[in-house]
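Peer 1: In the UniProt record's numbering, the protein residues as written are 1 to 140.
Backbone N, C-alpha and C fix where the C-beta goes; we use that ideal spot for every residue, glycine too.
Fair warning: this is a prediction, and the values are worked out from it, not measured in the lab.
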């Protein structure tokens, strides 16, 4: 087999593998989005009080209002779900003006596992996190 033919085959294999990974990630995000929508409906029906979501500065350097209401998904308050069912990472670089005016973070596609790839004990399945906030929410 010639080098250029081998290179083309490898490039094609990498492309196919990348497409499969993207499809798998998209499916996981879609499942997590549905889970958050169902949770928000159950939380609303159960009367679970939403709170103001706040962005924390990197390294604990201050906070900024977001104008969002919802629930914190992590004990350290670095991720949350809004009452609209959108997922937010609640850490960002914050300047003085941000502290005064506030920040509007962009919604992101949610993971099925929060903190995946982090330190031991820091990752947790999204379903378990939501159950901690509202036990039995899937039955509501």
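#1: Label residue 123 either buried or exposed according to how many other C-beta atoms from any shown protein chain fall within 10 Å of its C-beta, with 16 as the threshold for buried.
#2: Can you name the start and end residues of the beta strand (DSSP E) that residue 64 belongs to?
#3: How long is the line joining the alpha carbons of residue 53 and residue 24, rounded to whole angstroms?
#4: Where does residue 50 sit, in a helix, a strand or coil, going by DSSP?
#5: Can you grab the Cα-Cα spacing for the pair residue 131 / residue 65, in whole Å?
#6: Please say whether residue 87 and residue 36 have beta carbons closer to each other than 8 Å?
Peer 2: Concretely, from the data shown:
#1: Working through the chain shown from its first residue, we reach residue 123 at position 123. Classification of residue 123: exposed, given that the 10 Å Cβ count is below 16.
#2: Translated into positions along the chain shown, residue 64 becomes position 64. Per DSSP, residue 64 belongs to the beta strand (DSSP E) from 63 to 72.
#3: Your numbering for residue 53 matches position 53 in the chain shown. Your numbering for residue 24 matches position 24 in the chain shown. C-alpha separation (whole angstroms): 30 Å.
#4: Numbered from its first residue, the chain shown carries residue 50 at position 50. DSSP places residue 50 in coil when its eight states are reduced to three.
#5: Taking the chain shown and counting its residues from 1, the one referred to as residue 131 is at position 131. Taking the chain shown and counting its residues from 1, the one referred to as residue 65 is at position 65. Going by the C-alpha atoms only, they are around 26 Å apart.
#6: The residue you call residue 36 lines up with position 36 of the chain shown. The residue you call residue 87 lines up with position 87 of the chain shown. Yes, these two residues count as a Cβ contact at 8 Å.
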